[in-house]
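What follows is a set of notes on a single structure, which appears directly below.
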Amino acid sequence: MSLKKLTKAVIPVAGLGTRFLPATKAIPKEMLTVVDKPLIQYIVHEAAEAGITDIILVTHSSKAAIENHFDKHYELESELNLRGKSDRMVSLEEITPKGVRIVSVRQPEALGLGHAILCAEPVIADNEPFAVLLPDVLMYHPRKGCLAQMTQQYKKMHTSVVALEAVAEDQVEKYGIAGVKGPDMRIVELVEKPKPQEAPSNLSVVGRYIFTPRLMELLKDTKPGAGGEIQLTDAMDQLLEEEVMFGFEFKNGHTYDCGDKQGYLQANVEYALRDAQLGKGFKQYLKGLKF
Ligand code: UTP
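As structure tokens, then:
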């Protein structure tokens with residue numbers, strides 16, 4: 627059976643966001659803003675840039691704000707029209723990229739990332755590859771988004787592709803680390819939070835994946851692992867035993883872990899500095915700070 631084209635992306639947004647409490651008690655973590663847009667909007671645009679046309683949000687009853695953000699808001703739009711505020715209208719029209727459809731499925735309980743992805747199974751065909759983007763990881767690149775670069779690689783190989791980023795060697799304990807082989811970076815092992823002396827490399831798994839359909843099959847049989855959750859890594863370990871999987875090293879860009887307060891603050895500062903309207907003034911303000 628030949629594989630269908632890569633057109634779908636799963637974005638899991640049903641987690642509890644406990645690292646960011648109290649902010650995330652009533653506001654979904656994925657709706658926290660970086661400058662003037664919620665995190666989820668950046669991620670949806672990164673997927674669209676990669677040619678994704680169908681986005682599946684795996685969501686939870688407490689996270690309706692995310693679906694509302696991508697829905698039409700008639701009252702607001704007609705009010706802006708009446709008041710002649712067309713520039714603000716444009717910012718609303720840009721929320722959902724042209725040609726992209728967003729659907730949602732529910733994960734009733736936060737049973738882990740692997741379980742969240744499995745909740746999207748009814749909307750992905752048996753022979754269909756799919757991308758996964760973690761919405762709290764913001765990946766900036768001055769020319770081409772990370773998923774768009776990975777898609778180029780996928781189109782040549784038709785195997786699973788996992789984004790990797792080099793981290794300082796004494797930082798490997800914080801991440802999932804991939805052992806790779808050869809110039810094409812074939813992944814040979816995945817190790818969760820290894821001690822620096824035991825790490826197979828300093829390449830961390832950063833939250834962008836393209837999977838062959840087999841991953842979804844394997845998730846169905848994955849038993850709860852660490853923390854009683856169904857772990858994506860466990861299903862990926864299985865996939866490694868059956869299929870070739872390549873790493874894609876994300877270079878010349880910057881990754882921000884916005885699920886973490888420090889990473890989130892850095893993202894806000896650096897995106898503000900890059901902003902065409904705000905950047906100059908904000909830079910001067912920062913330079914003048916006396917702390
Ligand atoms: P994280 O572990 O970073 O998010 O999962 P979390 O659980 O929301 O946050 P903390 O650790 O408690 O602060 C990565 C992504 O996977 C989603 C989360 O919403 C997040 O976007 N996720 C995680 C689910 O959708 N379901 C889950 O069961 C777990």
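Residue numbering for the sequence shown follows this note's numbering, beginning at 627 and increasing consecutively.
We put the CB at the ideal spot given by N, CA and C, even for glycine.
The structure displayed is predicted, hence computed values, not measured ones.
Looking at A789 and R834, is the spacing between their C-beta atoms short of 9 Å?
-> Residue numbering aside, residue 834 sits at position 208 when the sequence shown is read from its first letter. Residue numbering aside, residue 789 sits at position 163 when the sequence shown is read from its first letter. In contact: R834 and A789 (Cβ atoms closer than 9 Å).
Ligand 1 heavy atom lying under 8 Å from the CB of G641 = Taking the sequence shown and counting its residues from 1, one reaches residue 641 at position 15. Within the cutoff, so yes.
Compare the beta carbon distance of L759 and E693 with 9 Å and say whether it is the shorter of the two.
-> Within the sequence shown, numbered from 1, the residue matching residue 759 stands at position 133. Within the sequence shown, numbered from 1, the residue matching residue 693 stands at position 67. Cβ atoms of L759 and E693: not closer than 9 Å.
H695: beta carbon under 8 Å from a heavy atom of ligand 1?
-> For the purposes of this step, residue 695 is taken as the residue at position 69 of the sequence shown. No, the Cβ of H695 stays beyond 8 Å of every heavy atom of ligand 1.
Own chain partners of T650 with C-beta closer than 8 Å, once the 5 adjacent residues on each side are dropped | In the sequence shown, counting from the first residue as 1, residue 650 sits at position 24. The answer, listed in chain order, is L642, G643, T644, L658.
In the DSSP assignment, find the beta strand (DSSP E) that holds T685 and state where it starts and stops.
-> Numbered from its first residue, the sequence shown carries residue 685 at position 59. Looking at the DSSP string, the run of the beta strand (DSSP E) that includes T685 is 680-685.
Report whether the distance from the Cβ of D752 to the nearest heavy atom of ligand 1 is below 8 Å.
-> Here residue 752 refers to the residue found at position 126 of the sequence shown. No, Cβ of D752 sits at least 8 Å from all heavy atoms of ligand 1.
Residue range of the beta strand (DSSP E) that S730 falls in?
-> As a working note, residue 730 is residue 104 in the sequence shown. From DSSP, the beta strand (DSSP E) with S730 extends over 727-732.
Should L866 be listed as close to ligand 1, given that the test is whether its C-beta is under 8 Å from any heavy atom?
-> Your numbering for residue 866 matches position 240 in the sequence shown. No.
Which same chain residues, not among the five before or five after L865, have their C-beta less than 7 Å away from its C-beta?
-> If you number the sequence shown from 1, residue 865 lands on position 239. These residues qualify, in order along the chain: S786, R840, L841, L844, M871.
Buried versus exposed call for G771 [16 or more other C-beta atoms within 10 Å across all chains shown] | As a working note, residue 771 is residue 145 in the sequence shown. That one is buried.
Could you tell me whether any non-hydrogen atom of ligand 1 is closer than 8 Å to the CB of K651?
-> In the sequence shown, the residue the question calls residue 651 occupies position 25. No, the beta carbon of K651 sits no closer than 8 Å to any heavy atom of ligand 1.
Determine contact between the stretch 857-864 and the stretch 729-744, defined as no fewer than three beta-carbon pairs at a distance below 8 Å.
-> yes
Just to check, is the beta-carbon of Q797 closer than 8 Å to a non-hydrogen atom of ligand 1?
-> Locating residue 797 in the sequence shown gives position 171, counting from the first residue. The answer is no for Q797.
Mind checking whether I836 and T881 have CB atoms under 9 Å apart?
-> On the sequence shown, residue 836 is found 210 positions in, with the first residue counted as 1. On the sequence shown, residue 881 is found 255 positions in, with the first residue counted as 1. In this structure, T881 does not lie closer than 9 Å to I836 by Cβ.
Return the residue from the list E754, L665, T838 that minimises the CA-CA distance to Y897.
-> For the purposes of this step, residue 897 is taken as residue 271 along the sequence shown, with counting starting at 1. The option with the nearest alpha carbon to Y897 is L665.
Span of the alpha helix (DSSP H) holding Y801?
-> Taking the sequence shown and counting its residues from 1, one reaches residue 801 at position 175. No alpha helix (DSSP H) holds Y801; DSSP gives it neither H nor E.
Quick one, which of F756, L629, I682, H699 has its alpha-carbon nearest S730's?
-> One-based indexing of the sequence shown puts residue 730 at position 104. When each option's Cα is compared against that of S730, the closest is I682.
Less than 8 Å between the CB of R645 and some heavy atom of ligand 1, yes or no?
-> As a first step, residue 645 must be located in the sequence shown, where it is residue number 19. R645: yes, Cβ under 8 Å from ligand 1.
Among the residues of its own chain, which have a CB less than 8 Å from the CB of T625, if the five just before and after it don't count?
-> Outside the modelled stretch of the chain, which goes from 627 to 917, sits residue 625, for which no answer is possible.
Rounded straight-line distance, which links the Cα of G677 to that of M704 | Position 78 of the sequence shown, counted from the start, is the residue given in the question as residue 704. Position 51 of the sequence shown, counted from the start, is the residue given in the question as residue 677. Looking at the sequence shown, residue 704 is not Met but Ser. Between S704 and G677, the C-alpha separation is close to 31 Å.
Straight-line gap, M765 to E869 (C-alpha atoms, nearest Å) | As a position in the sequence shown, residue 765 is number 139, starting the count at 1. As a position in the sequence shown, residue 869 is number 243, starting the count at 1. The straight-line gap from Cα to Cα measures roughly 27 Å.
Cβ distance (whole Å) where G802 is taken to contact S830 below 8 Å | Counting from one through the sequence shown, the residue named residue 802 turns up at place 176. Counting from one through the sequence shown, the residue named residue 830 turns up at place 204. Yes, they are in contact, since the Cβ atoms of G802 and S830 sit about 7 Å apart, within 8 Å.
Backbone CA spacing between P755 and K821 [nearest angstrom] = Taking the first residue of the sequence shown as position 1, residue 755 is located at position 129. Taking the first residue of the sequence shown as position 1, residue 821 is located at position 195. When rounded, the distance between both Cα atoms is 33 Å.
Taking L829 as part of the beta strand (DSSP E), name the residues at either end of that continuous run.
-> Taking the sequence shown and counting its residues from 1, one reaches residue 829 at position 203. Looking at the DSSP string, the run of the beta strand (DSSP E) that includes L829 is 829-837.
Provide the residue span of the beta strand (DSSP E) that contains E818, from first to last.
-> Indexing the sequence shown from 1 puts residue 818 at position 192. It spans 812-818 - the beta strand (DSSP E) in which E818 sits, taken as one unbroken run.
Is V793 near ligand 1, with its Cβ less than 8 Å from a heavy atom?
-> The residue you call residue 793 lines up with position 167 of the sequence shown. No; taking the cut-off as 8 Å, the Cβ of V793 has no heavy atom of ligand 1 nearer than that.
Name the one or two DSSP bridge partners that S786 has.
-> Start at 1 with the first residue of the sequence shown, and residue 786 comes out as number 160. Paired residues: M871.
Pick out the complete beta strand (DSSP E) segments inside the stretch 734-763, 3 residues or longer, and give them in chain order.
-> 756-759
Which two residues bound the contiguous beta strand (DSSP E) that contains D883?
-> Counted from its first residue, the sequence shown places residue 883 at position 257. Taken as a continuous stretch (DSSP letters only), the beta strand (DSSP E) holding D883 covers 880-883.
Please classify P638: does DSSP put it in a helix, a strand, or coil?
-> Numbered from 1 along the sequence shown, position 12 holds the residue referred to as residue 638. Correct three-state label for P638: strand.
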